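The structure appears right after this line, and notes come after that.
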Amino acid sequence: MGVPAMFRWLSQKYPKIVSTVQEELPKKVGDAVIPVDRTGPNPNGEEFDNLYLDMNGIVHPCSHPEDKPAPKTEADMMLAIFEYTDRVLGMVRPRKLLYMAVDGVAPRAKMNQQRSRRFRSAKEAKEKDEERAEFQKILNSQKASRGEDITSLEQVVEKTWDSNAITPGTPFMHLLAESLQYWCAYKFTTDPSWKDMKVIISDASVPGEGEHKIMNFIRSQRAMPTHDPNTSHVIYGLDADLIMLSLATHEPYFRVLREDVFYDSGKDKVCTRCGRKGHIRTNCEFPDDGKKLTEEEAEEEWATSEHQLKPFIWLHTNILREYLAVEMDTPKRTFKYDLERSLDDWVFMCFFVGNDFLPHLPSLEIRDQGIDLLISIWRDLAAEMDDYVTKDGFPDMRRVQQILSALAIREAGIFKKRKEVQDRQAANRARREAQNKRQRTDENGLSAPGFKRAKETTDTYTSAGIVFFDPKQAQSKEVRDVHKDIMHTRDAQANKSAAAKLKELMKAKADGTSVPEPEPTPASEPVSESASGTDTPVHLGKRKADDIEDADNGTPGRNTPIVPGSPKKNGDGTPEDTIRLWEDGYEERYYEQKFGVAPNDIAFRNKVARQYAEGLCWVLAYYMQGCPSWTWYFPHHYAPFAADFVGLEDMDPRKLFEKGKPFHPYEQLMGVLPAASNHAIPEPFRILMEDPNSSIVDFYPEDFPIDLNGKKFAWQGVAILPFIDENRLLAAMATKYPELSDDERKRNEFGKETLMFSQECSLFDDVEKALYRKGQQKHRIDPAKSRALHGDVEPHDLFVMDSQLVPPFDADGVTDFEITQDRSMRVYYEMPTVTSSRAHKSVLLEGVKLPKPALNPGEAESVRRSNERGGFRGRGRGGGGRGGYNDRRNNDNMRNDYQNGGGRGGHQNGRGGGSWDNSRGGYGGQGGYPPPPPNFAPPFPGGNFPPPPGGANFFPPPPPGWVPPPGVGGWQGGAPPYGAPPIPPVGQRPAWMGNSNQQHGAPPPRQAPNNSSLRDERFYRPADELLGRSGGGSGGYQGSNPYSDRPPRDDRGNRGGRNGRGGHRSGGGGHQGNRPSYNSNDYR
1 MGVPAMFRWL SQKYPKIVST VQEELPKKVG DAVIPVDRTG PNPNGEEFDN LYLDMNGIVH
61 PCSHPEDKPA PKTEADMMLA IFEYTDRVLG MVRPRKLLYM AVDGVAPRAK MNQQRSRRFR
121 SAKEAKEKDE ERAEFQKILN SQKASRGEDI TSLEQVVEKT WDSNAITPGT PFMHLLAESL
181 QYWCAYKFTT DPSWKDMKVI ISDASVPGEG EHKIMNFIRS QRAMPTHDPN TSHVIYGLDA
241 DLIMLSLATH EPYFRVLRED VFYDSGKDKV CTRCGRKGHI RTNCEFPDDG KKLTEEEAEE
301 EWATSEHQLK PFIWLHTNIL REYLAVEMDT PKRTFKYDLE RSLDDWVFMC FFVGNDFLPH
361 LPSLEIRDQG IDLLISIWRD LAAEMDDYVT KDGFPDMRRV QQILSALAIR EAGIFKKRKE
421 VQDRQAANRA RREAQNKRQR TDENGLSAPG FKRAKETTDT YTSAGIVFFD PKQAQSKEVR
481 DVHKDIMHTR DAQANKSAAA KLKELMKAKA DGTSVPEPEP TPASEPVSES ASGTDTPVHL
541 GKRKADDIED ADNGTPGRNT PIVPGSPKKN GDGTPEDTIR LWEDGYEERY YEQKFGVAPN
601 DIAFRNKVAR QYAEGLCWVL AYYMQGCPSW TWYFPHHYAP FAADFVGLED MDPRKLFEKG
661 KPFHPYEQLM GVLPAASNHA IPEPFRILME DPNSSIVDFY PEDFPIDLNG KKFAWQGVAI
721 LPFIDENRLL AAMATKYPEL SDDERKRNEF GKETLMFSQE CSLFDDVEKA LYRKGQQKHR
781 IDPAKSRALH GDVEPHDLFV MDSQLVPPFD ADGVTDFEIT QDRSMRVYYE MPTVTSSRAH
841 KSVLLEGVKL PKPALNPGEA ESVRRSNERG GFRGRGRGGG GRGGYNDRRN NDNMRNDYQN
901 GGGRGGHQNG RGGGSWDNSR GGYGGQGGYP PPPPNFAPPF PGGNFPPPPG GANFFPPPPP
961 GWVPPPGVGG WQGGAPPYGA PPIPPVGQRP AWMGNSNQQH GAPPPRQAPN NSSLRDERFY
1021 RPADELLGRS GGGSGGYQGS NPYSDRPPRD DRGNRGGRNG RGGHRSGGGG HQGNRPSYNS
1081 NDYR
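The letter at position 356 of the sequence shown is residue 356 when you use UniProt numbering, and the numbering goes up by one with no holes.
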């Protein structure tokens, strides 16, 4: 799932789970660099036992970084990987074990996602090469137009390094495995802090994804009777699923280490005075001498200068466990509370909003608080369920069906609400754009040229050669063949050279004549129907020099062109959404357009839903127990609706899958790489990708459609690629295996994990004696000598004791690695086999000592109260907003005046904090007012409605601008409105009510005195009230505490009771102890 989205959601919802890593860096004294002594205490105040590195999270940013120039050679990449890995080690300083895991062959369920990523990556690399060549043409053309000699300017454009080489079976991955072993041996020989540490390297020849190989190792050690349950773990990686995986281990001492993805390096800031990057004009420290760097000079200066290192952060799994311990408990529960199983249920529900193996359900997105919604459903169903949903990695499908059925009831409302939010955001964007346009108007009333950088929309990608069309058409081979022919024939179109076109444009500009109109599209030029239903000409690649309408529009060669403002489709550049999930009949349109089936084919819908349910079982088992099947995958590009899941009760997750065997490295390469990356594949297989007569050539389309699927940006869309037919692939490859060389055959074999340690390690004598003196072929590690490492070791066929260490790459003499004698040992390692009797259990191990709690009672209570209010929007409470109806806001931030609300409460909300007919307080709730009269009907059914007439005591709202006189009660003078029970006389009130006049929700003035809401005490609201620690009651018709469903807390002075989150006039409450109360969220 998306890292930024998932991580942002977690850090905002549970703020204490994140902290900054304290890092010691080398010090410079003159030209000398003093290294850090890592044998000392960890600067983070805690020592760690084991560090696990998901190496692909290091290899990718080091081989093709985004914030600095890419390494020129693979040797430079290896040095960058060593440097980055050493920095991570310096932060953690593991005292026992370092586990380095590189992605090996993945299960088929993951290969579909890998295939999509690599096809897009190859396209991006090709486009970058074309951009460089195009940029060079334009520069030469500009110089030629000025009469300059360009014969010496021809340069060889370096080809972009193809990151698809980071796939098992490639020569690059073989070099990486050898380099990591060399670097570890060198560190064991030269770095004292490595003396007592052990290293396990699981390279790309070992099947399995890196993070899941790590989890398999942790589970294997945990199953051993001598495992220390208080072992402290740190895992580094960039994938969000590391958070769920760390919870799934049920090890209480666990942290996730990662870069701060929201850190602003300043690269995107450009000073308009000096032209340099990293700062803006107001902070410019350079002299104002009139000199300004060009964009190319600024880019070069930024690339060659030193910058602050990107900081790292901790994500504390133990603190996340504390938050979830509160979140996943509910008074409705009828079964015994078990934190470990509730954590598994939470992880399971996270799978519904997206993972690497299944598309997310249409009604669930993490940005729309999809997980909050599922948790709310889970809590509501706790009274009906007799146990947790999952146990030890296997879901109870009857309870899964209950959750999906409850989601189905809400599904249509979710789509409508999402549409409302999108329309509101679009209106806000339009308003901002109109305001910006007015600000660009010059003094004479003339608008400045409307040139701006175009957003990445469908048009950006159609001009880049990506065809959009109805996704159901992509289901047939015939349409894909036609699409392929279209993309090939476009190469034959006549193109003017960049220089000729640019010369024509510049001449027209110099002569003062109009720019020549682009040539009309010939009748023979192929067109494709876009997702919006319009005919769009297909052009090869990104915007070329031929397509530049004005050479001064921007910098050529950029991914995002600068074009004049023009009308956009749908107002925001997106194609028309023909599914229209917010309208009735969306199910029929969805399946007809996405799957290409008849609208009334209910059996097909149920079949897709059942396959998706199998996927949920597969993913949970994969996270908790290891890969249940190497061959299973979800055979569709889209997910079903929640309403399509029926009859799941008869599914047995333990009997759904056959283990099967993983692909070999070359088989995966042929399954995930496009033809453009065939340089990473042995030559005998390449013809299978390119030859039109190949039996599998249809697996490798050069261009492929992208369905935006309701999204705005193409990278969010669904790449419509044909699924790999395993039998056809293996049959075609079998004819080429005899042509492989010996080295190529060796790279296609499965490998073993490597264990390395220093000759000074306590384990050395035991292993050296068994394997090299006694000649044993296999030896069981003694956990007493290995510091609780379990498993078996075998002699390594490439290790020679006390040999010389020579780098496996050519560093051109620029390296700190001197040839030295190897003082380490290297053996093959095999982790313990976990039998069914010792399978992973969702329990804490005996002897564990839980960490000291990080949440204080107040913070835990805050989470608990927020859960009680329920809902899924507006911080999880019923539907957004904070009160009754007609939300009004003004510039003084006085939210929700006397007629506001609609969110935490509302009509028939189920778990609102107040208002009519909800389950907690409010009119007709479990507390507060009695039920309404039998024939009572709210004026505006659905939630946003004014209060019902309440008899003789009811008075209409005061006119706008009405201000209560000093010393006088609120609206209606303190009398309970709408027929509410009268306030008891002073002598009959309980002590907590106090003796002051009770004032009910008086509306605040429209504007504070002196036009400032911060100059009058009545309009200032203390922070503890904003945080929900004071205010009115938790419901009641007006949210004021005397008529709430519970008495107020008495541990916070005389501020009144719980923060009322609902009711007609109250978003955050009304009564506040002895202070006059004007309204709910008025920021007094």
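Each residue gets a CB set at the ideal place from its N, CA and C atoms; glycine is no exception.
Model, not experiment: these values are computed from the prediction.
- In this structure, the CA atom of Glu322 is about 7 Å from the CA atom of Pro853.
- Under the DSSP assignment, Thr754 falls outside any alpha helix (DSSP H), being part of the beta strand (DSSP E) whose first and last residues are 753-758.
- For His679 and Ser862, the gap between their C-alpha atoms comes out near 57 Å.
- Beta-bridge annotation (DSSP): Arg826 is paired with Met756.
- The C-alpha of Gln221 lies about 32 Å from the C-alpha of Ile371.
- Apart from sequence neighbours up to five positions away, the residues of its chain that approach Pro653 with a beta-carbon distance below 8 Å are Phe394, Pro395, Met397, Cys617, Leu620, Ala621, ordered along the chain.
- As a beta-bridge residue in DSSP terms, Met100 pairs with Leu53, Ile201.
- According to the DSSP secondary-structure assignment, Arg780 is paired through a beta bridge with Asp792.
- For the pair Phe312 and Asp260, the CB atoms are nearer than the 8 Å cut-off.
- If you draw a straight line from the Cα of Gln821 to the Cα of Arg367, it comes to about 55 Å.
- For Ser19, the enclosing beta strand (DSSP E) stretches over residues 18-20.
- Taking the Cα positions, Met78 is about 25 Å away from Asp196.
- The region 225-239 makes contact with the region 43-57: 3 or more CB pairs, one atom from each, lie closer than 8 Å.
- Contact between the region 404-413 and the region 640-657 is present: three or more C-beta pairs spanning the two stretches fall below 8 Å.
- The C-beta separation of Val270 from Ala298 comes to about 7 Å, placing the pair in contact by the 8 Å criterion.
- Here the alpha carbon of Arg8 sits roughly 18 Å from the alpha carbon of Leu374.
- Contact check for Val21 and Trp314: beta-carbon distance about 6 Å, within the 8 Å limit, so the pair qualifies.
- Apart from sequence neighbours up to five positions away, the residues of its chain that approach Leu339 with a beta-carbon distance below 7 Å are Ala325, ordered along the chain.
- DSSP, read as helix, strand or coil, puts Leu180 in helix.
- For Lys27, the enclosing beta strand (DSSP E) stretches over residues 27-29.
- Secondary structure of Arg95 (DSSP, three-state): coil.
- Distance check between Pro94 and each of Ile138, Leu53, Glu768, Lys110 places Leu53 closest, using alpha-carbon atoms only.
- For the options Lys137, Phe351, Leu25, Tyr633, the alpha carbon positioned closest to that of Pro107 is the one of Tyr633.
- Less than 8 Å separates the beta-carbon of Pro684 from that of Leu740.
- Taking 8 Å as the cut-off, the Cβ atoms of Ala613 and Phe657 do not count as close.
- Taking one beta carbon from each stretch, the region 345-353 and the region 287-307 have fewer than 3 pairs nearer than 8 Å; the two do not touch.
- Proximity of the region 278-288 to the region 26-36 falls short of the contact definition, fewer than three beta-carbon pairs being nearer than 8 Å.
- Within its own chain, the residues whose Cβ lies closer than 6 Å to the Cβ of Val88, once the five positions on either side in sequence are excluded, are Tyr236, listed in chain order.
- Setting aside the 5 residues that flank it on each side, Tyr263 is surrounded in the same chain by Lys310, Pro311, each with a C-beta closer than 7 Å to its C-beta; the list follows chain order.
- Under the DSSP assignment, Trp314 falls in the beta strand (DSSP E) whose first and last residues are 312-316.
- Sixteen is the threshold: when 16 or more other Cβ atoms of the shown chains lie within 10 Å of the Cβ of Gln593, as they do, the residue is buried.
- Ala382 is the residue among Ala382, Pro252, Tyr99 whose C-alpha sits nearest the C-alpha of Met328.
- Under the three-pair Cβ rule at 8 Å, the region 783-795 counts as touching the region 759-767.
- Sorting Ala204, Leu805, Val608 by C-alpha distance to the C-alpha of Tyr666 places Ala204 at the top.
- In this structure, DSSP gives Ile280 a state outside helix and strand, which the three-state scheme calls coil.
- DSSP assignment within the region 585-668 yields the following whole alpha helix (DSSP H) runs of 4 residues or more, N-terminal first: 586-590, 602-624.
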